[in-house]
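Below you'll find the structure, written out as structure tokens, and then a few comments.
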Amino acid sequence: MSGTPANNESFTVKPVSDAVVNMSLAVKDEAKLALASDPAAGKSDNRNAQAMLDLQNSKQVEGNKSFNDAYATLVSDVGNKTASLKVTSTTQGNVVTQLTKQQQSISGVNLDEEYGNLQRYQQYYMANAQVLQTASTLFDALLNIR
2 MSGTPANNES
12 FTVKPVSDAV
22 VNMSLAVKDE
32 AKLALASDPA
42 AGKSDNRNAQ
52 AMLDLQNSKQ
62 VEGNKSFNDA
72 YATLVSDVGN
82 KTASLKVTST
92 TQGNVVTQLT
102 KQQQSISGVN
112 LDEEYGNLQR
122 YQQYYMANAQ
132 VLQTASTLFD
142 ALLNIR
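Take any residue in the sequence shown, note its place counting from 1, add 1, and you have its number in the working numbering.
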């Protein structure tokens, strides 16, 4: 890729896409696998393989959990924490919205109220202008009486 991306242009990055396609088995001859615990026992000895399989259910994690149990606990904990954080996030969002509304109701500008005030001030100005016009007319009349 080169150049500058255009507006609304998007890219999908898949670093592990098709990773398994190129994998192959390194050991193709099972006789080369160390499955026997005693070489003298021959090909029928699978005690090492059985010992590895037994690890799946043995209490290896924290002395009281199997690998399956520990993984299930981990997945459960992550799920519970995620759900808890979603609820917390929603709650905090609602609190922010409520506080913003309260702040706006106290210090915000109500356009209808401001328009009403503007109309009232305009009427006051017009009334005062008429009072001044009347006073000016009266003074002119008084000065012309002589």
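Just so it is clear, CB atoms sit at the ideal spot from N, CA and C, and this is done for glycine as well.
Opening and closing residue of the alpha helix (DSSP H) in which residue i lies
i: Val-110; result: Segment: none, Val-110 is in no alpha helix (DSSP H) and carries neither H nor E.
i: Gln-57; result: Segment: none, Gln-57 is in no alpha helix (DSSP H) and carries neither H nor E.
Within 8 Å, strictly: CB atoms of residue i and residue j
i: Phe-68; j: Val-76; result: no
i: Ala-37; j: Asp-46; result: yes
i: Lys-66; j: Thr-74; result: yes
i: Asn-49; j: Ala-35; result: yes
Beta-ladder partner(s) of residue i, from DSSP
i: Lys-66; result: Val-62
Any C-beta of chain C under 8 Å from that of residue i
i: Asp-30; result: Considering every chain present, this structure includes no chain C. It has just one protein chain.
heavy atom of the ligand FAD below 7 Å from residue i C-beta
i: Leu-139; result: Ligands in the displayed structure: none, and consequently the ligand FAD is not present.
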